[in-house]
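Some notes on the structure that comes next.
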Amino acid sequence: MVENSDSLDKFSVKSLGNVLEKIYVEHNTTPALKYTLTATAKEVFFKFSKPNEDDSQDAVASPSISSGSKKYKNTLHVALNMHVLYHRLIRALALESGTTPTTITAETIQMAITFTDTLETMKGISELASLI
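Structure representation (structure tokens):
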């Protein structure tokens, strides 16, 4: 990821419109594309989604942090969006084209989990700050 972000300084990206248009064309198909998690990605996701006793106690103390299937569904949506967008951007920086792989890796699901957890933490902090 870092090596790709360093490439942005050398690459004159004027607009992501073309990239987003290609993503739309690729995914606006019948039948719809189906994405799957690799075995290691499934393992990471199941560990994340497995309810812990500590989580149920934390939910009582801080009800603003979402729990349950909505949180996990949102995490999967974020992972899918990251997967497709990162793949397209990496290919665009390399001046390559091609379809997006339909398997999401453990690295991507871990990034999505970290991202959604960070957003939830920031939400909780801002709600606490608004009470002060």
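So for the sequence shown, UniProt numbering puts the first residue at 1; every next one is plus one. Glycine included, every Cβ here is placed at the ideal spot set by N, Cα and C. Bear in mind that the values here come from a model prediction, so they are computed numbers and not experimental data.
Is the beta carbon of I109 closer than 8 Å to that of F45?
Looking up residue 45 in the sequence shown gives position 45. Looking up residue 109 in the sequence shown gives position 109. Yes. Within cutoff.
Tell whether a beta-carbon distance below 8 Å holds between L119 and I104.
By 1-based counting over the sequence shown, the position of residue 119 is 119. By 1-based counting over the sequence shown, the position of residue 104 is 104. Going by C-beta atoms, L119 is not nearer than 8 Å to I104.
Within 10 angstroms of the Cβ of A41, are there 16 or more other Cβ atoms? Answer buried if so, exposed if not.
Counted from its first residue, the sequence shown places residue 41 at position 41. Looking at its Cβ environment, which holds 16 or more other Cβ atoms inside 10 Å, A41 is buried.
Which residues in the same chain have their Cβ closer than 7 Å to the Cβ of A106, if we skip the five residues on either side of it in sequence?
Counted from its first residue, the sequence shown places residue 106 at position 106. In its chain, beyond the 5 residues on either side, T38, T40, A41, V44 have a beta carbon closer than 7 Å to the beta carbon of A106.
Rounded separation between residue 174 and M82 - CA only
Outside the displayed range of the chain (1 to 132) lies residue 174, so it cannot be described from this structure.
May I ask you to list the residues that DSSP assigns as paired with I104?
Position 104 of the sequence shown, counted from the start, is the residue given in the question as residue 104. I104 is bridged to L37.
Neighbourhood of M111 by C-beta distance below 7 Å, restricted to the same chain and skipping five residues each side:
Residue numbering aside, residue 111 sits at position 111 when the sequence shown is read from its first letter. M82.
How should T121 be labelled, buried or exposed, when 16 other C-beta atoms within 10 angstroms of its C-beta is the threshold for buried?
To locate residue 121, count along the sequence shown from 1; it is residue 121. So T121 ends up on the exposed side.
Beta-carbon proximity list for Y86, same chain, < 6 Å, skipping 5 on both sides:
By 1-based counting over the sequence shown, the position of residue 86 is 86. None.
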